[in-house]
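Residue numbers (the numbering used here): 16 to 202. Read the structure below first, then the notes.
In structure tokens, the structure reads:
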């Protein structure tokens, strides 16, 4: 990401996460009879999941997914080292899963995460929680819980920076091979 700009401050992000935790607790009471297993997607999703996991005081340890080898677009974006192993502390079979990511845009990260998750077993259900949802969906994936909604222009990217403090930054993506760079936004 080139020239990142602050979109949401650490204080704004923490306030949003606190509200998400409150809403997630209510959602879990309504949908899950058993304690859920929370799993964050590397890297920003893990940072967010750590905050939510702590707020909800969940009994099972936090799980972590690395989707690097499951992406369908790594030929376009490359594999971002270091690739980390996924860590699921307990079996996922017949468990209610809270899958957490920082930003939902195309849906491709979530599709890859679901593929990884189902390689480990068959969950009873998967609830998706994201800090920020933005336009640009390419796959029919919708979150169950959203902290913030963002309308961005083509070429802009929203990213969670952290882990401490957590901030949402906005930047411009470099053009893909063969594309003409988008002009910068007016001042």
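From the three backbone atoms N, C-alpha and C, an ideal C-beta is built for every residue, glycine too.
Where the beta strand (DSSP E) containing residue i begins and where it ends
i, result
"residue 57", "Here residue 57 belongs to no beta strand (DSSP E), and DSSP marks it neither H nor E."
"residue 150", "It is not in any beta strand (DSSP E) - residue 150 carries neither H nor E in the DSSP assignment."
"residue 27", "No beta strand (DSSP E) holds residue 27; the alpha helix (DSSP H) holding it covers 25–46."
"residue 107", "Careful: residue 107 lies outside any beta strand (DSSP E) and carries neither H nor E."
"residue 9", "This structure leaves residue 9 out entirely; the chain is present only between 16 and 202."
"residue 79", "78–80"
Residue(s) in a DSSP beta bridge with residue i
i, result
"residue 20", "185"
"residue 172", "186"
"residue 144", "115, 160"
Short Cβ contact (8 angstroms threshold) for residue i with residue j
i, j, result
"residue 105", "residue 59", "no"
"residue 64", "residue 77", "yes"
"residue 149", "residue 120", "yes"
"residue 183", "residue 28", "yes"
"residue 116", "residue 100", "no"
"residue 31", "residue 114", "no"
"residue 111", "residue 51", "yes"
"residue 79", "residue 57", "yes"
Length of the line joining the Cα atoms of residue i and residue j
i, j, result
"residue 178", "residue 75", "22 angstroms"
"residue 140", "residue 108", "10 angstroms"
"residue 172", "residue 66", "23 angstroms"
"residue 46", "residue 40", "10 angstroms"
"residue 174", "residue 126", "19 angstroms"
"residue 33", "residue 70", "8 angstroms"
"residue 165", "residue 48", "33 angstroms"
"residue 163", "residue 24", "13 angstroms"
"residue 188", "residue 122", "18 angstroms"
"residue 20", "residue 37", "29 angstroms"
"residue 135", "residue 73", "21 angstroms"
"residue 61", "residue 170", "25 angstroms"
"residue 138", "residue 53", "12 angstroms"
"residue 143", "residue 26", "23 angstroms"
N-terminal and C-terminal residue of the alpha helix (DSSP H) that residue i is part of
i, result
"residue 131", "123–135"
Touching by the beta-carbon criterion (3+ pairs, under 8 angstroms), the segment 150–168 and the segment 130–139 = no
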